[in-house]
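Chemist: Letter by letter, the sequence shown follows residues 57 to 350 of the working numbering. Have a look at this one.
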Amino acid sequence: MRSVRLLRNGTGLKKILELALEARKQSVSDDDKLFSVRQQCELLGINRSNLYYAPVPASEENLLYMRLLDEQYTEDPSYGVERMTAYLRRLGYQVNQKRVRRLLRIMCLDAIYQKPNTSKPNPEHKVFPYLLRCVTAGYNDHIWSTDITYIRLEKGFVYLMAVIDWYSRYVLDWSLSTTLDADFCIETVAGLLERGQCRIFNTDQGAQFTTPRFTNPLLAKGIQVSMDGRGRALDNIFIERLWRTVKYEHVYLHDIRTVQEARNSLSAFFERYNHRRIHESLGYRTPAEVYFGA
């Protein structure tokens with residue numbers, strides 16, 4: 057009888073679905089000798105990132121600050137913590153540098169200027185040299201690059217990762233995640249490598265890309281790995297331009313409420329970007345026309 061009452065109540069039905077998802081998550085085991093964690097997730101129909109995600113809702117105030125920081129960074133990526141703090145204060149918000157620094161880290165935003173190298177990288181993560189200085193992409197699949205950006209939602213945010221072909225500007229694949237776990241990057245590139253490969257793959261020095269789990273499959277196929285210098289996001293100029301286009305032509309024009317809405321709307325955006333949005337630098341052709349030789 058209680059089950060019937062729950063099903064008649066929308067909140068109760070939502071709770072049942074949440075419990076069902078939790079039960080499936082609990083059935084995934086790292087010790088399974090027949091199936092990997094990824095294969096178990098595929099069989100159970102759940103996103104692997106859900107295994108590690110514990111929802112921690114951001115306050116309305118923090119979400120407002122993050123929206124403002126994202127818009128200002130997209131306009132001028134040279135703003136660091138001090139200037140971002142001053143910017144928010146000029147708008148009338150009493151915020152300190154510690155809070156701004158924490159929010160920028162959550163958003164993966166790093167000011168573009170040369171800074172002292174004070175970080176201590178994981179010794180198991182190799183940083184590769186930047187190979188693209190004075191290099192121009194000469195053909196399709198010559199150079200691919202990837203990065204992660206923050207996408208705001210009405211009541212939260214997600215992370216968007218995309219892989220772009222430098223020569224054609226074609227977005228080869230993309231994915232969303234609620235966390236910065238490396239898995240969604242690794243799985244996206246693994247799918248691409250099943251269909252083809254490039255000569256050089258460029259990333260930044262984020263932990264998602266320096267882990268051997270990400271670089272080893274590239275190296276195994278003879279692909280050269282290139283990494284931006286620290287604080288030099290313009291080393292990956294084409295993906296940075298893509299993020300500006302995503303933000304100005306899509307994200308800032310729509311009120312995206314949920315992760316699923318973000319996934320659906322970005323799918324439509326990238327379809328338009330690849331197949332209908334002409335580029336002056338491509339002779340007013342679309343990325344798909346250049347990439348597929350149409």
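Quick reminder that beta carbons are idealized off the backbone N, C-alpha and C, glycines included.
Please name the residue or residues paired with Leu338 in a DSSP beta bridge.
Modeler: Paired residues: none, contrary to the question.
Chemist: Quick one: what's got a C-beta closer than 8 Å to Met122's C-beta in the same chain, skipping five residues either side?
Modeler: Taken in chain order, the residues that qualify are Ala114, Leu159, Ile162, Met163, Tyr206, Arg208, Phe213.
Chemist: Using 8 Å as the Cβ pair cut-off and three pairs as the minimum, do the segment 223-236 and the segment 124-140 touch?
Modeler: Not touching, per the Cβ criterion.
Chemist: Does the segment 251-260 come into contact with the segment 191-205, if we say contact requires no fewer than three beta-carbon pairs (one atom in each stretch) closer than 8 Å?
Modeler: The segment 251-260 is in contact with the segment 191-205.
Chemist: On a CA-only basis, which of Trp222, Arg269, Leu232 is nearest Leu298? Give me that one, please.
Modeler: Selected option, being the one with the closest Cα: Trp222.
Chemist: Just to confirm, is the Cβ distance from Val227 to Asn320 under 8 Å?
Modeler: Contact: no.
Chemist: Leu232 and Val315: beta carbons closer than 8 Å?
Modeler: Yes, these two residues count as a Cβ contact at 8 Å.
Chemist: Would you tell me roughly how many angstroms separate the C-alpha atoms of Asn349 and Leu249, rounded to the nearest one?
Modeler: Rather than Asn, the amino acid found at residue 349 in this sequence is Gly. If you take the alpha carbons of Gly349 and Leu249, they lie about 21 Å apart.
Chemist: Could you pull out every residue in the same chain whose Cβ sits closer than 7 Å to the Cβ of Ala193, ignoring the five residues on either side in sequence?
Modeler: The residues are Ile199, Trp222, Tyr223.
Chemist: How big is the Cα-Cα spacing for Leu120 and Leu309?
Modeler: Spanning the two alpha carbons is a distance of roughly 16 Å.
Chemist: Quick one, which of Arg313, Glu210, Asp284, Tyr304 has its alpha-carbon nearest Tyr129's?
Modeler: Residue Tyr304 is the option with its Cα nearest to Tyr129.
Chemist: Please identify the residue among Thr244, Glu345, Leu165 whose C-alpha is closest to the C-alpha of Glu296.
Modeler: Considering only alpha carbons, the answer is Leu165.
Chemist: Which runs of the beta strand (DSSP E), 3 residues or longer, sit entirely within the segment 251-319?
Modeler: Whole beta strand (DSSP E) segments, 3+ residues: 256-259, 280-283.
Chemist: From Arg332, Ile293, Gln261, pick the residue whose C-alpha is nearest to that of Val183; which is it?
Modeler: The candidate whose alpha carbon is nearest that of Val183 is Gln261.
Chemist: On the criterion of 16 or more Cβ atoms from any shown chain inside 10 Å, does Leu147 qualify as buried, or is it exposed?
Modeler: Leu147 is exposed by the Cβ-count criterion.
Chemist: Taking all protein chains shown into account, do 16 or more other C-beta atoms lie within 10 angstroms of the C-beta of Ser323, making it buried, or fewer, making it exposed?
Modeler: When all chains shown are included, Ser323 counts as exposed.
Chemist: With a 10 Å radius around its C-beta and 16 neighbouring C-beta atoms as the bar for buried, classify Ile334 as buried or exposed.
Modeler: It counts as exposed.
Chemist: Out of Lys211, Ala276, Trp230, Ser282, point me to the one whose CA is closest to Arg189's CA.
Modeler: Nearest option by C-alpha distance: Ser282.
Chemist: Tell me whether the beta-carbon of Gly247 lies closer than 8 Å to the beta-carbon of Asp197.
Modeler: No, the Cβ-Cβ distance between Gly247 and Asp197 is not below 8 Å.
Chemist: Going by Cα to Cα distance, which pick from Asp126, Asp132, Leu187, Asn118 is closest to Lys154?
Modeler: Per the Cα distances, Asn118.
Chemist: Could you tell me the boundaries of the beta strand (DSSP E) in which Arg145 lies?
Modeler: Premise fails: Arg145 lies in the alpha helix (DSSP H), 137-146, not in any beta strand (DSSP E).
Chemist: Going straight from the alpha carbon of Val346 to that of Leu338, what length do you get?
Modeler: Spanning the two alpha carbons is a distance of roughly 8 Å.
Chemist: Nearest CA to the CA of His306: which residue from Thr342, Arg328, Asn152?
Modeler: That would be Arg328, whose Cα lies nearest to the Cα of His306.
Chemist: Reducing DSSP to helix, strand and coil, say where Arg225 ends up.
Modeler: In this structure, Arg225 counts as coil in the three-state DSSP scheme.
Chemist: Excluding five sequence neighbours on each side, which residues of the same chain lie with their C-beta closer than 8 Å to the C-beta of Arg145?
Modeler: Excluding sequence neighbours, Arg145 sits near Val151.
Chemist: Is Leu188 helix, strand or coil by DSSP?
Modeler: Reduced to three states, the DSSP call for Leu188 is coil.
Chemist: Name the two residues that bound the continuous beta strand (DSSP E) containing Tyr206.
Modeler: Note, Tyr206: beta strand (DSSP E), 199-208.
Chemist: Going by Cα to Cα distance, which pick from Glu116, Asn292, Glu317, Cys241 is closest to Val191?
Modeler: Among Glu116, Asn292, Glu317, Cys241, the Cα nearest to that of Val191 is on Asn292.
Chemist: Could you tell me the boundaries of the alpha helix (DSSP H) in which Met122 lies?
Modeler: First-last of the alpha helix (DSSP H) with Met122: 116-131.
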